Structure formats: structure tokens, C-alpha cells
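Read the structure below first, then the notes.
Residue numbers (the numbering used here), protein chains in the order written: chain C, 105 to 430; chain Z, 105 to 430.
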């Protein structure tokens, strides 16, 4: 396997986690980072083997030695920064949500095709062992026909008008930041929703503090997803079928265990390999796809990210949340 | 305490449980039952000390020796049979839901007032130790300000057009039969909903096979309730506040334990007195109220049952479920 030289745009907390994940991935190295804040960039680089530090994102995008770029800026800038890199032919792993709206995602997908540049949403949970195993369990018919999925993601984030979770210019709101996890689970297992009803609570800035949605998928299949910044929720997920049930305990989206049972029996735990970081799986997927010359991941294709964005557009429409730059 | 002589109308499964509960209640005796099916009535009576058996509900309602009547017929007949008894001045404990619609509940409440007859919905969970304890815990501020409640009630009930869970004439549907449990929890803790959005799946008869609703209560408080006949769900409830969380494990609505924690700490179990039957608490409440000459329970007043019925009316309106006799 050839080496993949990674760049990171936006060296915040999530970028740190990704940089740490790269050290776990054979053939990966961190080649450059870009930060508009010189001090911050330097400090970040020092912690990860001193890659090149750019202060302009354009310069990192133009660096011929960089193969793949991880976009870790606030949601409101994903589209802009991903496009910078795609237009330079870089493979792009773009932090979730891929963008603020389906319109932006379409633009990114078009750029990926035009420039033959790989593009994937960093929906890292797609590649975690629990997800692989749960999908296998369901495919084997172990819980019958799945009829109902429920998952929540909530934590208490005190309101700050200019914070990334509340400022609409940054893409603030519960749905895009954390509600996307439950949404992803439902769409991954059930496909495109046939019906969507949503309700929530808006913060003083007009972002969604709380977002609940009920999704219908036909054939009696429904799902309920909840996200909130108003309180910590149980962070659990349930998948119920006609012949059994799967329950993923706290914190469900990154757990290394799950429980399941046939109807009428007690839940039994299944313990998987301990997870070291969690982001290493998606980094490996990007590199595997690049090796094969793919422009999108078969496991997380463009059409899926577009479906997620379209669903979130409709949920936001019902909630009354609009981003100034979407 | 004087003895209360109880009558039961509709000797089905739920009536059996209630009759068994009466044996646990000091001062209670089963005086009569009424069943349109003579054999069934006789068999039921034989199991519970041979009370009088009536074949016409009117005759039980007219029996001067009966103080209180438990209405245990299918939902579609609650209003009719409760009215029979109220008009004879009997105290009525009416199986939940009180009736099919708010209009019917209003009629029952009016009869209760007109005839000075006690009336209470058999929302038995209101009086269970877990509910009393959880309310006390919340009132003490232990989990801060409650922001989010979630509860589900689902089991697999194969479709049968004339079964009580599916036949609209009998009051079929998930919401009225089991969705009322999560709904009750939310309204008991949060009061009247300010907003309701609902979505579900209808069965071939037009009853709700699955019903999800998102309720808003102002001040950032929301709740999500789910009920379904399509699969068994986890039967858990969560109550999340700004400073902590309560979780009631399977089966939440009748559990004798719950868990709670302050934010950032691990859930700790609280084990209550083991529950023997569950219905004995509501029977005692009826008798306590009668002793005090009350016409409604201060803990479960008419206005509360009306609020529940109004909320279910709106949820059904959004789902498209209409009862022929409502």
C-alpha cells in the first residue's frame, strides 16, 4: 500500500482526534495542516510530528504532496473548504454534516465528479464494528423484519449566541451537529424516508436547541430521532423487529458493545473489539477507495449524503431553521 | 373504614387482574359482576368468591348493594357503561382510556356532577410507588429542570380485523390502548401540551398500528411518545433534566425500580417495595375519595382525563383515525 499524505483544514478538537487516529492507520501520515490562527496551527503541528503549517486554506489545497484532506472547520464552511480541495483534485473527507443543505452537497458532488476527486462525508459511525455487526445481525434475520428504530443524542450546551452550536453562520443547531447520528442510523437501515414530521425548540438565535422527528419508511416501518442541547439524554438506540430487538447502550453511537434478543427472551450482551479512537475506520475507508481509484465510497456514497441532507432540509423547514449561507 | 362493595362490568383479562387486586385491599369486596356471556360470568365469579352475576349491565348498575363499579369492557363501550352506572349514583372507576374522545369524556364528567357520583379513569400507574417516588425526586430538584421525557410501549399483536386492538368499533388502535401510558407520564409531569405533532401507521381497518407523537410544553420542554402493535419495543422511559436523568427500565410503566443520576455520574438503581398486582393502589384511591365524599380524585381529576382525551383527539386527527361512535 502506498502512503497517503493527509492534510487537515481547521485544527480544532475534532481535528486532534482525527490526527490521533491517523497514527493508528498503516500507510497514513499527516503531511500538512492549515489554520488561519498561526499560533494555534503551530501548537497543533507540534503535537503531531510537525507537519507543514499553512495559514491560508488555499495553500494547503494547492500542495502537490498532499493526497487527501480532512475538512474540520465549522459546518457553515464545509462546502467552501471542501470545494477548494476538490478543485485541486484532492480526495476529501468532509466532517459531518457534509454541508448545510442539499444544495451545497449537490455542488460538492458535482465538483467531485468534475475534478475526479474522491469525496466522502466523515460519517465515521458507518465503519465502526458495532454498525457492521448490527447490520450483519439484521441481514441474517435474527430480529425478523425491522419495524422501529429509535435513537437520541442530547447534551447540555449552555446558550452562547456566537458559539458554533448556536450561531447560524457557523451552522449551529442540534440536528446538524448531533441529530445527524440518529438520522444516519435510521437511513442506513431503512433507506429514504417516505414521510417526515418534525418538531422542536428554537434558541434565541433561531438555531434548533431541540429537534425531534418521526420518520416513516413504508411497510409499517417507522423511526423516531431526538437531539437536544437542553439536557443530557440517555444516548441509547433501539432497533425493534418482528422477532427480536437490538439495544445499543450509552453511548450508542460509539459503543463497543450491544445487546440483542429474540422476542420474549432477555437481552444478551455482545462485546466487540475495544475501540481505540473511532476515526481510524473512516480514514482507512478513504485510503482503500483511493487505492481502488474510486471517487466515492460504496459504503457511504454521494447519494446517501445527499439523502441525509435532503432529509435534514425538510426537518429544518418544519422547525423553521434557515442558514444564512445555505 | 366502611366496606366498599365493588361491581365489575366486563369480566375479561383486565377484570381478573382487578378482582385479584381487590383481595389485597382492606375494606373491599367484590359484590357483583356483569357479563353478557352467562358461562363466562359464572366461570369468572367462581374464581372470586361467587359474587352475584348479572347478565344485563343495567341490572348491576341498579343493584343498591353495589357502591363502586369498575368498567372493564372494550374502550368503545366505556362511555356507555360508565354512564349507566353514574346515572345510578355509583362511583365509577373506568378502565383507561376513559372514553374514545374528549366529547365522550365531557359527557361522563357532566353525568358525574349531575348525579353526584364519583368518577375516575383507571390510570393505575398514577398511584404506583415508582411514580410517587419519581415525582418526589423531580420536585426536590434532584435532576434540575426537566426538559425531555421519552417513553415507549410496543408489542407485537398480529392483525385481526375484529380483534379489540384493531376493530374501530371496539376502540382499537395503539394510542388508546398502550400509547396512553407514555402520554400519561408526559402530561402528569409537564401538564397540557402547547404543541403536538404526530405520525404513524394505520392498519387495514383504519386503526393506528403505530403512533408516534412529539409534544412541546413551552420553556424548552419536549416529549416523545411511541406506541406500536408492530413489534415489541424496549418498554423504557427516560426523564432528562438540566442537572440529571431518571431512567425507568423494562417494563417502565409497572416497574418497582428506577435509576437516576446527577449529570456526569453513573445511573444508580433505586429499588422500591415489590409490586404485588398494581391495581390495588387505584382501588384504594377510589375508596379513600369515597370516604372523604369526593366526586373526583385530587390526584387524577376529571380535568386531567379530559386533557388526555383532548390530546389523543388531536393525535388521532393528525394520524387520520376516527371512531365510528366517538
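In this text, a Cβ means the ideal position worked out from N, Cα and C, and glycines have one as well.
These figures come from a predicted structure and were not determined experimentally.
Within the stretch 368-400 of chain C, no residue has a Cβ lying closer than 7 Å to any Cβ of chain Z. In summary, the residues of the stretch 219-253 of chain C whose CB is separated from some CB of chain Z by less than 9 Å are 247, 248, 249, 250, 251, 252, in the order they occur in the chain. According to the DSSP assignment, residue 147 of chain C belongs to the alpha helix (DSSP H) that extends over 142-151. By the criterion of a C-beta distance shorter than 7 Å, residue 376 of chain C is surrounded in its chain by 233, 234, 237, 360, 361, once the five residues flanking it on both sides are discounted. Put simply, the CB of residue 335 of chain C is near chain Z, with a gap under 7 Å to one of its CB atoms. Under the Cβ distance rule, residue 414 of chain Z does not count among the residues neighbouring chain C, no pair being separated by less than 7 Å.
One thing to note: residue 425 of chain Z has its Cβ no nearer than 7 Å to the Cβ of residue 301 of chain C. Contact between residue 286 of chain Z and residue 329 of chain Z holds, since their C-beta atoms are separated by about 4 Å, short of 8 Å. Within chain Z, the residues 256, 337, 338, 340 have their CB atoms less than 9 Å from the CB of residue 342 of chain C, given in chain order. Within the DSSP bridge table, the entry for residue 257 of chain C names C:331 as partners.
For residue 215 of chain C, there is no enclosing beta strand (DSSP E); the residue is found in the alpha helix (DSSP H) stretching over 206-218. A direct Cα-Cα distance of roughly 40 Å separates residue 185 of chain Z from residue 363 of chain Z.
Separation of residue 171 of chain C and residue 142 of chain C (C-alpha to C-alpha, rounded to the nearest whole angstrom) is 23 Å. Residue contact check for residue 309 of chain C against chain Z: no CB pair falls below 7 Å. Annotation: Cβ neighbours of residue 316 of chain C in chain Z (cutoff 8 Å, chain order): 318, 326, 328. By the neighbour-count criterion, in which 16 or more other beta carbons inside 10 Å mark a residue as buried, residue 386 of chain Z falls on the buried side. Contacts with chain C at 7 Å (Cβ-Cβ) include residue 345 of chain Z. Between residue 389 of chain Z and residue 128 of chain Z, the C-beta spacing is not below 7 Å. With respect to the 7 Å criterion, residue 134 of chain C and residue 147 of chain C are not classified as neighbours on the basis of their beta carbons. Chain-order list of chain C residues neighbouring residue 331 of chain Z: empty, with the shortest C-beta distance near 10 Å, by a criterion of under 8 Å. Under the DSSP assignment, residue 390 of chain Z falls in the alpha helix (DSSP H) whose first and last residues are 384-395. One alpha carbon belongs to residue 409 of chain Z, the other to residue 225 of chain Z, and they sit about 7 Å apart. The alpha-carbon separation between residue 241 of chain Z and residue 249 of chain C amounts to approximately 39 Å. Annotation: the continuous beta strand (DSSP E) that includes residue 137 of chain C extends over 132-138.
Within its own chain, the residues whose Cβ lies closer than 8 Å to the Cβ of residue 428 of chain C, once the five positions on either side in sequence are excluded, are 272, 273, listed in chain order.
For residue 272 of chain C, there is no enclosing alpha helix (DSSP H), as DSSP marks it with neither H nor E. Contacts between residue 313 of chain C and chain Z, judged by CB atoms closer than 7 Å, involve 324 in chain order. Between the C-alpha atoms of residue 413 of chain C and residue 239 of chain Z there is a straight-line separation of about 40 Å.
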